[in-house]
Amino acid sequence: MDSLLFCLKASVTLEDLRVDGRGCEDYRCIEVETDVVSNTSGSARVKLGHTDILVGVKAEMGTPKLENPKEGYLEFFVDCSANATPEFEGRGGEELATEIVNTLYRIFSNESTIDVKSLCINPREHCWVLYVDVLLLECGGNLFDAISIAVKAALFNTRIPKVRVLEDEEGSKEIELSDDPYDCIRLNVENVPCIITLSKIGCRHVVDATLQEEACSLASLLLSVTSRGTLTCMKKLGNGSLDPESIFEMMETGKRVGKMLHTSLQKILDKEESLGTTRQKVGFLG
């Protein structure tokens, strides 16, 4: 059993045909595998065409932020590997990495995305900090969408040890972590959005653009869409302009495609988890 794949396909007409045979609203086949890195709390690898993303989540104990004393929080890091594309050699990938990190922080700034209150152990004293590391192994177009899928899959796979807070007669507190791998906290990722990037090419807009299609597009609209089709944030990419009518059409397409993407992804994650120890792992080096 290899890592699991799914495809999003719509009916295709002659006016709705791209070079690779897809329709404007079709994704390439997406390959998803979770639990691929052993020394993390959760991990996932996603291949979307020639784009290859590895995400690891590490849960570590920290101190709550002063402005949110009863919450844990997430920290994002992005590494643009020089092997992904020659453009990343030296410090070539730093600007892109910063843009991706800022986008992820913006998406997860919505308090309904992840229940960060469940990450609190002791108000003002101890909480779980989730360090989400994103590694770009190969770039073949549509980076933001692939990264968002990998992040959601890795968070779904994350297991956080349950904690007991013991207090002695003098009032001092001691933290005791459960050493039972099955005695853990699972994150509810139902409200974690996926990114849908729509690229304007001529008078049409397409999802999941390849590198060649991105080169033909002067402007793209990046949409953060929940499983219910709700838009949580929006960002324009590129130097070109988008007229209001096009933006409205792209938003409607993004919501429709986003709901389909979430449904397919969740089915794959549930199916993979149901296999348990019988699942053969490919790993990110496979």
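So for the sequence shown, UniProt numbering puts the first residue at 1; every next one is plus one. Yeah, the Cβ is synthetic: ideal placement off N, Cα and C, and Gly gets one too.
When the Cα of residue i is compared with those of the options, which residue comes out closest?
i: lysine 271; options: Cys29, Glu25, Ala153, Ile175; result: Ala153
i: lysine 200; options: Gly238, Arg45, Ser172; result: Gly238
i: lysine 162; options: Leu104, Ile185, Thr51, Ser172; result: Ile185
i: aspartate 35; options: Thr51, Leu17, Lys58, His50; result: Lys58
i: serine 224; options: Leu261, Thr210, Glu214, Leu242; result: Leu261
i: leucine 135; options: Ser118, Phe144, Ser227; result: Phe144
i: asparagine 191; options: Val116, Tyr27, Glu71, Asp16; result: Val116
i: leucine 155; options: Ile114, Ile175, Asp183; result: Ile114
i: leucine 104; options: Lys235, Leu48, Leu119; result: Lys235
i: lysine 259; options: Leu48, Arg228, Glu99, Leu187; result: Arg228
Would you kindly work out how many angstroms separate the C-alpha atoms of residue i and residue j, rounded to a whole number?
i: cysteine 7; j: cysteine 29; result: 4 Å
i: proline 86; j: asparagine 142; result: 17 Å
i: leucine 4; j: serine 217; result: 31 Å
i: proline 244; j: threonine 230; result: 19 Å
i: histidine 50; j: glutamate 167; result: 53 Å
i: glutamine 212; j: cysteine 203; result: 17 Å
i: leucine 221; j: valine 257; result: 14 Å
i: valine 101; j: glutamate 95; result: 10 Å
i: tyrosine 73; j: threonine 263; result: 26 Å
i: isoleucine 121; j: valine 189; result: 20 Å
i: serine 274; j: aspartate 180; result: 20 Å
i: valine 32; j: isoleucine 268; result: 8 Å
i: arginine 18; j: valine 207; result: 11 Å
i: glutamate 252; j: leucine 265; result: 20 Å
i: valine 55; j: glycine 276; result: 20 Å
i: tyrosine 182; j: alanine 215; result: 47 Å
Residues in its own chain within less than 6 Å of residue i by CB, not counting five upstream and five downstream?
i: isoleucine 53; result: Val46, Ala146, Ile147, Ala150
i: alanine 97; result: Val78, Cys80
i: glutamate 60; result: Val129
i: phenylalanine 88; result: Cys80, Ala82
i: lysine 173; result: Val165, Glu167
i: aspartate 16; result: Gly23, Cys24
Within its chain, find whatever has a CB closer than 7 Å to the CB of residue i; leave out the 5 residues flanking it on each side and keep chain order.
i: arginine 124; result: Pro64, Pro69
i: residue 288; result: The question about residue 288 has no answer here: the residues shown for the chain are numbered 1 through 286.
i: glycine 62; result: Cys127, Val129
i: leucine 177; result: Pro161, Val163
For residue i, I'd like the list of residues in its chain whose CB is within less than 8 Å of its CB, leaving aside the five on either flank, ordered along the chain.
i: methionine 250; result: Leu198, Lys200, His205, Leu221, Leu223, Leu242
i: serine 246; result: Lys200, His205
i: serine 43; result: Thr34, Asp35, Val36, Val37, Leu54, Val55, Gly56, Val57, Ala154, Asn157
Quick test of your reading: residue i and residue j, contact by CB under 8 Å. State the CB separation rounded to the nearest angstrom.
i: serine 41; j: threonine 158; result: 5 Å
i: valine 132; j: glutamate 75; result: 7 Å
i: threonine 210; j: glycine 140; result: 7 Å
i: proline 119; j: glutamate 71; result: First, the amino acid is wrong: residue 119 is leucine here, not proline. Confirmed, about 7 Å.
Inset, instruction - State whether the region 68–82 contacts the region 192–203, with contact taken as three or more CB pairs (one from each stretch) at a distance under 8 Å. - result: no
Legend entry - Touching by the beta-carbon criterion (3+ pairs, under 8 Å), the region 102–121 and the region 20–39: no
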